[in-house]
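Read through the structure below, which is laid out as structure tokens, and then see the notes.
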Amino acid sequence: MANLCVHNRDFGFTEALCRGFRTGFLTDADYHHLTQAETLEDVKSNLQETDYDQFLANESAVTPAVILECATRKMVDEFKFVRAQAAEPLATFLDYITYEYMIDNVMLLLKGTISGRDVNELIEQCHPLGMFRDSTMRSIPTFENSPKGYADLYQTVLVDTPVGPYFSQFLQESSESLSTAAEVRNVLEEVEMEIIKNSLIKLYLEDFYTFCASIGDDTAEIMGEILKARADQRAINITLNSFGTPLNEPTMRATDRKRLYPSIGFLYPAGTAELAAAADEQALGQAISPFPVYREIWAVHQNESIDDRSIDDAFYEREVQMLELAFEGQMHFAIYYAYVKLKEQEIRNLVWISECIVQQQKDEINKFVPCFSKAAPWRSN
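Counting in our numbering, the sequence shown runs from 1474 upward without gaps.
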């Protein structure tokens, strides 16, 4: 952004829209009422008093899946409205937000067809922010699960999509390891698919980080912090989830597993080098111990059986804190990314509350991470 003096001229309306949507997040009082509900009809009635209003009015039956679908649709409609008003480079920035969902949809279709699931059912489960043309969506599952199949998929279908460059780069970097995996290591298909997905998200994060840096000013600084934190989270989770799999074999730690770590982040490069050598949870904990934030998150993982919080909960809490802080500044693009991710968290909260009501697990109902809560630990401290 070369000149902040003209920011309001070019992006003032879209920023006002986004900040207006921010006022529609559920409050602590709203969550209190929702957690006291006895049925999903009570949830529906309580949500009518919030920004969600009549979003379930046309649904004959309310289920957690219906709440997820309708709440996501509402968020997507708001995002698309902002996107329709956006000028460059904001328009491209908003497009970058959708690329992650495109990758998720491609992988969902590929994994689903391996399991023999119906294409129509899979398309219904795809995230609406990452949809391609219908013909493209239906073409993706027709390719075989092999290096040649992935190459054909890129050359005939994905080459013209925004995520095509990531797929192309992945094929160039790892086609040899994929071809030898089935012959030498006999890696399970599900593991291979996770490697592909992690590789694509890695390339996406690096590309998005570079684009934000090119915009400059507060967008580069704030989005840089957020994307670095996401990259670190992925590196830690990839390492943790690799234990007990072929990726933790000595010959694969410094090659296949290390290639999945993004080349950005607070851990990069010294911390990720330590992660690449970690063979067990103790070594992982030692690798991230020099970083106070991750040392605290790792302590949550170690005490999971005591305080009933997982490492994912700790990462969600940190992400929510960083995303909320994005709204404290002005004249930058990070608020659009923060809005989408915080809405996703809010939708997860709604689904969690709904599932607890349906399964009559009221003791678990308050185990969610609210957005913009006045009772959040980082606000109260």
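Think of the CB as a built atom: it goes at the ideal place given N, C-alpha and C, for glycine as much as any other residue.
Every value quoted in this text rests on a predicted model; they were computed, and no experiment measured them.
- DSSP places phenylalanine 1681 within a helical segment (H, G or I) once states are collapsed to three.
- Around the beta carbon of aspartate 1526, fewer than 16 other beta carbons lie within 10 angstroms, which makes this residue exposed.
- DSSP, reduced to helix, strand and coil, places valine 1592 within a helical segment of the structure shown.
- Ranked by how close their Cα comes to the Cα of alanine 1693, the residues Glu1522, Trp1825 and Phe1566 have Phe1566 in first place.
- Secondary structure of threonine 1523 (DSSP, three-state): coil.
- Spatial neighbours of tyrosine 1734 in its own chain (CB-CB distance under 6 Å, excluding positions within 5 residues in sequence) are listed in chain order as Ala1708 and Thr1745.
- Taking the Cβ atoms as the reference, leucine 1513 lies roughly 25 Å from valine 1793, outside the contact range of under 8 Å.
- Per the coordinates, the alpha-carbon of phenylalanine 1498 lies some 30 Å from the alpha-carbon of phenylalanine 1739.
- In the displayed model, cysteine 1829 falls within a helix according to three-state DSSP.
- When the five nearest sequence neighbours on each side are left out, the beta carbons in the same chain lying within less than 8 Å of the beta carbon of glycine 1637 are those of Tyr1627 and Leu1631, in order along the chain.
- With at least 16 other beta carbons inside 10 angstroms of its own, asparagine 1578 counts as buried.
- If you draw a straight line from the Cα of tyrosine 1682 to the Cα of glycine 1697, it is about 6 Å long.
- The Cβ atoms of leucine 1529 and valine 1535 lie closer than 8 Å to each other.
- Taking each of Asn1714, Ala1848, Glu1817 and Phe1841 in turn and checking the Cα distance to lysine 1547, the smallest one comes out for Glu1817.
- The beta-carbon separation of methionine 1804 and aspartate 1691, rounded to 6 Å, stays under the 8 Å limit for a contact.
- Assigned with DSSP and collapsed to three states, valine 1535 falls in coil, not helix or strand.
- Looking at the backbone, the Cα of tyrosine 1767 and that of isoleucine 1826 are separated by about 28 Å.
- A distance below 6 Å between beta-carbons, with the five flanking residues on each side excluded, links valine 1549 to the following residues of its chain, in chain order: Pro1601 and Leu1602.
- Remark: C-beta atoms of alanine 1848 and aspartate 1501 approach each other more closely than 8 Å.
- The C-alpha of glycine 1802 lies about 24 Å from the C-alpha of aspartate 1524.
- Fewer than three beta-carbon pairs drawn from the stretch 1783–1790 and the stretch 1809–1816 are found closer than 8 Å, and the two stretches are therefore not classed as touching.
- Here phenylalanine 1806 is not near leucine 1583, since their CB atoms are 8 Å or more apart.
- In the three-state reduction of the DSSP assignment, methionine 1804 falls in the coil class.
- For tyrosine 1789, the enclosing alpha helix (DSSP H) covers residues 1784–1799.
- The stretch 1549–1607 is shown to contain whole alpha helix (DSSP H) runs of 4 or more residues at 1563–1587 and 1592–1598, in chain order.
- Rounded to the nearest angstrom, the Cβ distance from isoleucine 1576 to tyrosine 1677 is 6 Å, consistent with a contact under 8 Å.
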